[in-house]
Each structure stands twice: as C-alpha cells, then as structure tokens.
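Residue numbers (this note's numbering): 245 to 391. To start, the structure under review is shown below, and the notes come after it.
Structure, rendered in structure tokens:
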C-alpha cells in the first residue's frame, strides 16, 4: 500500500512532513524522534523539530507508528503499515529491532479470565542480544534466564 493511501485510510491529511517521516522509518527501522528529525531535515531542509515531533505523536495515536522503548528508556518509533500489531526483540548492544512473529497475548486468555482483567492494549518487548553482537560477557546471564 502506498504511504499516501495509508495516511488517508487512517484518517490523516497527506503532508510532506508525514510522507517524509514514513519514508525515513520505512528505510531505517526504529529511530528516536531526534533521529527522525535529522533524516527528515535532509529531505525537507526548512522543517523544525516541533513539527516532526507533533506529527510523530499524531501518527502514533492513529496507529501508523508504534513506540519501542530502548533498554536505556528512550522511546523509538517504528512504522506500522500492516493491519496486525507486532512485538519485538530489541538488542541491548546495537539497538536492532526484530519482529516477534506471533502475539504472546494469544496464550494469556486463561490468566486474563482468572484475574478478571480486561486488556485494552498491550506491548511485548524482549531485551537481549542479537546474533551479530558479541555476548560472551553475558553468557552467564543468558544461562540463568533460560533455566
């Protein structure tokens, strides 16, 4: 689906700033608001940070972007143009985000019923290390976690 069509489908006006945000995230994965701004500024030199941040927040509220909080607590944003939501493995060393191919909430039905809880939204993020990063200094932690 084209970005313009997707913005309209989600009830948003198509603007150069929103298209640039989508293009930047579509080619880069997760980024902080400042990283998005720096890349968009290369496409639209006159843009200011507040405009980009405001649009990122609007797009997040409409479900076009989702937030993935890094292990250092800094939120990053990810383009979400498919219908289904998804969850992530996040590398603590390089920041790489890998999509979890299923929703862990699908396995929590009994627990939700037992607790009498009504979930309205959720996020699932697992922090660790990707195969490209050297994790030798964390091997003992991995063994403890996987027991």
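Built from N, CA and C at the ideal position, the CB exists for glycine as well.
Limits of the unbroken alpha helix (DSSP H) element including residue i
i           : result
residue 251 : 247-253
residue 342 : That residue, residue 342, is in no alpha helix (DSSP H); its beta strand (DSSP E) goes 341-344.
residue 296 : 293-305
Distance CB(residue i)-CB(residue j) smaller than 8 Å
i           : j           : result
residue 300 : residue 265 : yes
residue 262 : residue 251 : yes
residue 374 : residue 322 : no
residue 344 : residue 331 : yes
residue 336 : residue 371 : yes
residue 291 : residue 369 : no
residue 338 : residue 376 : yes
residue 307 : residue 349 : no
residue 283 : residue 272 : yes
DSSP three-state assignment for residue i, whether helix, strand or coil
i           : result
residue 284 : helix
residue 276 : coil
residue 351 : helix
residue 318 : coil
residue 256 : coil
Where the beta strand (DSSP E) through residue i begins and ends
i           : result
residue 372 : 369-372
residue 310 : 309-313
residue 335 : 331-335
Assumed close pair residue i, residue j - CB separation to whole angstroms, cut-off 8 Å
i           : j           : result
residue 309 : residue 324 : 6 Å
residue 276 : residue 320 : 5 Å
residue 295 : residue 304 : Rounded, the Cβ-Cβ distance is 15 Å, inconsistent with contact.
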